[in-house]
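Residue numbers (the numbering used here), protein chains in the order written: chain A, 1405 to 1602; chain B, 3 to 460.
Working notes, beginning with the structure itself.
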């Protein structure tokens, strides 16, 4: 999961729905797993939109449409709302997505993506609606996500935007580091805080 | 600046990471069985022990059945997850309130009722409804499993400081209007993302007059407007509630604590990043019609006429038409419970309508207390008898049908009036259709079999 990040150029999978909640990303009945088997969560990403109750494929759901492929998921605003379940980020990563583009992310899910080396890229409403249109017209539309320069580019229209990420997290993603490495190395500061505040 | 949120947050800053997040000290970590196993696994694989095991409390709640808890859980996968929490707690030296122990229940019900969640604390749990504990005057928020592991390893978390918002609700709530209706009203006004990026302080006459149970309900639902957390400055209501609780400070420590807690309020000069004000007279009993908690209306109102693709998908799923009213529509299930409305006051409210009436024959009703302590109080007050006379049975505590990880699943296509917190597609079982409402609206539906304005039964 700790894949180092640099520049990613890929076609996209479009999901032009708003308020996609984490119960849809991974339904609660799949949260009983006690390990991080990526393939298990990836196989059940958007389970109830992707498959009928009897296990047959929902033909018109985008993940089942062979026209749309790639490691970038493009979703409507307020992606990842609801439950804090990190299983949603594991499912997205497990399926093979490395970037999610939306005009707005729910807070907890955004952190969960970052902690699993999936990059949430927040773009303007205009950029997003243009991107949905471009992908609809041409499923082979490429998007370039350049983490070092914090830019996202629609390679068909040439439109480019800056995106936000703090310097610390960017460093972590680019170097395959996580927060626990950082925190454990800072124990003396924690003990000092405790002595001052207890 | 100088908001209560700033005071509690700033006091807990261990360090500010250069061009990055804040390292925040966490007073209390709660763990349930669903979002902790991978964190314990991570700790083991890194060879780490919990840094401050005394500040971590574990209890299973999501998978627990609501009947026959004295027998092994029938679903082997649920059983394995519940057993693993007990085993992990033992291995890492953490307090664990197992199923059937008198201390067990939903984490967000148990934390406050044991005095584990106290004013001025920072509290986290791998669960978005951790915002509940904000009712105690604490900064409490939900986190992911990687973050649970961070807290286990260091009693700290790395977070960007959220912005602050104050929501003031003036006036007096009308008959039959509860904290749940206030929250459902706010979600409809703000949408499910209107408070994303913010921590919300609730204030105003309505909030001041809420009981502790009502405050816990209101703060519980902060996440459904996108807010990371919501809280209420502690006052006499808070102090009366906390006093004498098992983990509350005692004796001299109590006096010191009270003196400190009284300082926990936003300054008169406090500046919030956003301020909103609403009036109680605009709020009636509410119900949701769609597939996110913001898609709600006053119970006498009609579903909006138009919406976008997401709106149409939601109405298609729910089997409703734009522009129609919900009053009088038949329902199949009623669920009273969850970390939102599983407390004693909620059972009193439900019983106030059920008393002297009968459950509608074709309605299945699940009444699930939030904890064993709540269930005991229901019995002590004789509410179980009132409800039994009306054809209702009190079950054993847990999250139950809120997210249907146990056997309490609403079948596909069926309508459930639920006092829980989410009406997402499939939330109460694949294909289930959830209408969120207060315990009063749920009781009115349970005794009539149709969506009913509870004010006509009070």
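Glycine included, C-beta positions come from ideal geometry on N, C-alpha and C.
What are the residues that DSSP puts in a beta bridge with residue i?
i	result
residue 160(B)	25(B)
residue 1526(A)	1506(A)
residue 98(B)	60(B)
residue 126(B)	31(B), 143(B)
residue 2(B)	Coverage of chain B is limited to positions 3 through 460, which leaves residue 2(B) absent and any answer about it impossible.
residue 332(B)	452(B)
residue 137(B)	Answer is none; residue 137(B) lacks a bridge partner.
residue 1425(A)	1485(A)
residue 1412(A)	1549(A)
residue 373(B)	107(B)
residue 461(B)	Lying before the first or after the last residue shown, residue 461(B) is absent from chain B, which here runs from 3 to 460.
residue 298(B)	290(B)
residue 205(B)	170(B)
residue 1418(A)	1478(A)
Excluding the 5 residues preceding and the 5 following residue i in the sequence, name in chain order all residues of the same chain whose CB lies nearer than 6 Å to its CB.
i	result
residue 80(B)	65
residue 1449(A)	1495, 1499
residue 1407(A)	1521
residue 388(B)	353, 357
residue 329(B)	453
Assuming residue i is part of the beta strand (DSSP E), what are its boundary residues?
i	result
residue 286(B)	It is not in any beta strand (DSSP E) - residue 286(B) carries neither H nor E in the DSSP assignment.
residue 60(B)	58-60
residue 18(B)	15-18
residue 233(B)	231-233
residue 1550(A)	1547-1550
residue 1460(A)	Note, residue 1460(A): premise wrong, no beta strand (DSSP E); not H, not E.
residue 435(B)	435-438
residue 1555(A)	1555-1558
residue 1(B)	Chain B is shown from 3 up to 460; residue 1(B) falls before or after that span and cannot be answered.
residue 1477(A)	1476-1479
Which two residues bound the contiguous alpha helix (DSSP H) that contains residue i?
i	result
residue 352(B)	346-356
residue 1445(A)	1442-1447
residue 254(B)	253-263
residue 1565(A)	Element bounds for residue 1565(A): not the alpha helix (DSSP H) but the beta strand (DSSP E), 1564-1566.
residue 1470(A)	Per DSSP, residue 1470(A) belongs to no alpha helix (DSSP H) and is neither H nor E.
Out of curiosity, what's the CA-to-CA distance linking residue i and residue j?
i	j	result
residue 145(B)	residue 230(B)	9 Å
residue 410(B)	residue 152(B)	33 Å
residue 414(B)	residue 421(B)	19 Å
residue 157(B)	residue 27(B)	6 Å
residue 361(B)	residue 1425(A)	34 Å
residue 371(B)	residue 216(B)	15 Å
residue 113(B)	residue 1560(A)	53 Å
residue 1414(A)	residue 312(B)	27 Å
residue 1452(A)	residue 432(B)	8 Å
residue 155(B)	residue 43(B)	12 Å
residue 198(B)	residue 73(B)	42 Å
residue 463(B)	residue 90(B)	Examination of residue 463(B) is not possible in this model, given that chain B is present from 3 through 460 alone.
residue 1534(A)	residue 310(B)	17 Å
residue 276(B)	residue 30(B)	28 Å
residue 1606(A)	residue 369(B)	Since the first residue shown for chain A is 1405 and the last is 1602, residue 1606(A) is missing from the structure and cannot be characterised.
residue 390(B)	residue 384(B)	10 Å
residue 285(B)	residue 222(B)	19 Å
residue 86(B)	residue 1457(A)	29 Å
residue 1412(A)	residue 1536(A)	19 Å
residue 1514(A)	residue 1472(A)	24 Å
Residues in its own chain within less than 8 Å of residue i by CB, not counting five upstream and five downstream?
i	result
residue 266(B)	6, 9, 10, 121, 122, 139, 235, 236
residue 77(B)	65, 408, 409
residue 1465(A)	1450, 1453, 1454
residue 1(B)	The structure shown does not extend to residue 1(B), since chain B spans only 3 to 460, so no value can be given for it.
residue 1461(A)	1454, 1455, 1468
Once the 5 residues before and after residue i are set aside, which same chain residues still bring their CB inside 7 Å of it?
i	result
residue 219(B)	181, 182, 185, 342, 343
residue 111(B)	341, 344, 345, 372, 373, 376
residue 271(B)	4
residue 143(B)	126, 132, 133, 230, 231
Which residues in chain C sit within 9 Å of residue i, going by Cβ to Cβ distance?
i	result
residue 311(B)	No chain C is part of this structure, whose protein chains are labelled A and B.
Quiz item: Which residues, taken in chain order from the segment 1561-1579 of chain A, show a beta carbon closer than 7 Å to some beta carbon of chain B?
Solution: Those residues of the segment 1561-1579 of chain A that come within reach of chain B (Cβ to Cβ, closer than 7 Å) are 1570, 1571, 1572, 1573.
Quiz item: Quick one, which residues of the segment 1430-1450 of chain A are near chain B if we go by CB-CB under 9 Å, in chain order?
Solution: Of all residues in the segment 1430-1450 of chain A, 1431, 1432, 1433, 1435, 1436, 1437, 1438, 1439, 1440 have a Cβ within less than 9 Å of some Cβ in chain B.
Practice problem: Anything in the segment 1457-1486 of chain A with a Cβ closer than 8 Å to a Cβ of chain B? List those residues in chain order, please. | Solution: 1457, 1480, 1481, 1482, 1485, 1486
Quiz prompt | Cβ-based contacts, 8 Å cut-off: residues of the segment 316-334 of chain B near chain A | solution = none
Quiz item: Just by C-beta distance, which residues in the segment 135-149 of chain B are closer than 9 Å to chain A?
Solution: Those residues of the segment 135-149 of chain B that come within reach of chain A (Cβ to Cβ, closer than 9 Å) are 143, 144, 145, 146, 147, 148, 149.
Self-check item: the segment 1578-1592 of chain A: positions lying closer than 8 Å to chain B by Cβ
Solution: 1582, 1583, 1584, 1586, 1587, 1588, 1590, 1591
Practice problem: Report the residues of the segment 22-55 of chain B with a CB closer than 8 Å to any CB of chain A, ordered along the chain. | Solution: 22, 23, 25, 27, 36, 37, 39, 40, 43, 44, 48, 50, 53
Quiz prompt | Contact list for the segment 75-87 of chain B against chain A, Cβ threshold 9 Å | solution = 77, 79, 80, 82, 83, 86
Quiz item: Using Cβ-Cβ distances below 8 Å, what residues of the segment 420-451 of chain B are close to chain A?
Solution: Cβ contacts with chain A come from 424, 426, 427, 428, 429, 432, 433.
Quiz item: Which residues, taken in chain order from the segment 1533-1565 of chain A, show a beta carbon closer than 9 Å to some beta carbon of chain B?
Solution: Within the segment 1533-1565 of chain A, no residue qualifies.
Self-check item: Positions along the segment 222-246 of chain B whose CB lies within less than 7 Å of some CB in chain A
Solution: 228, 230
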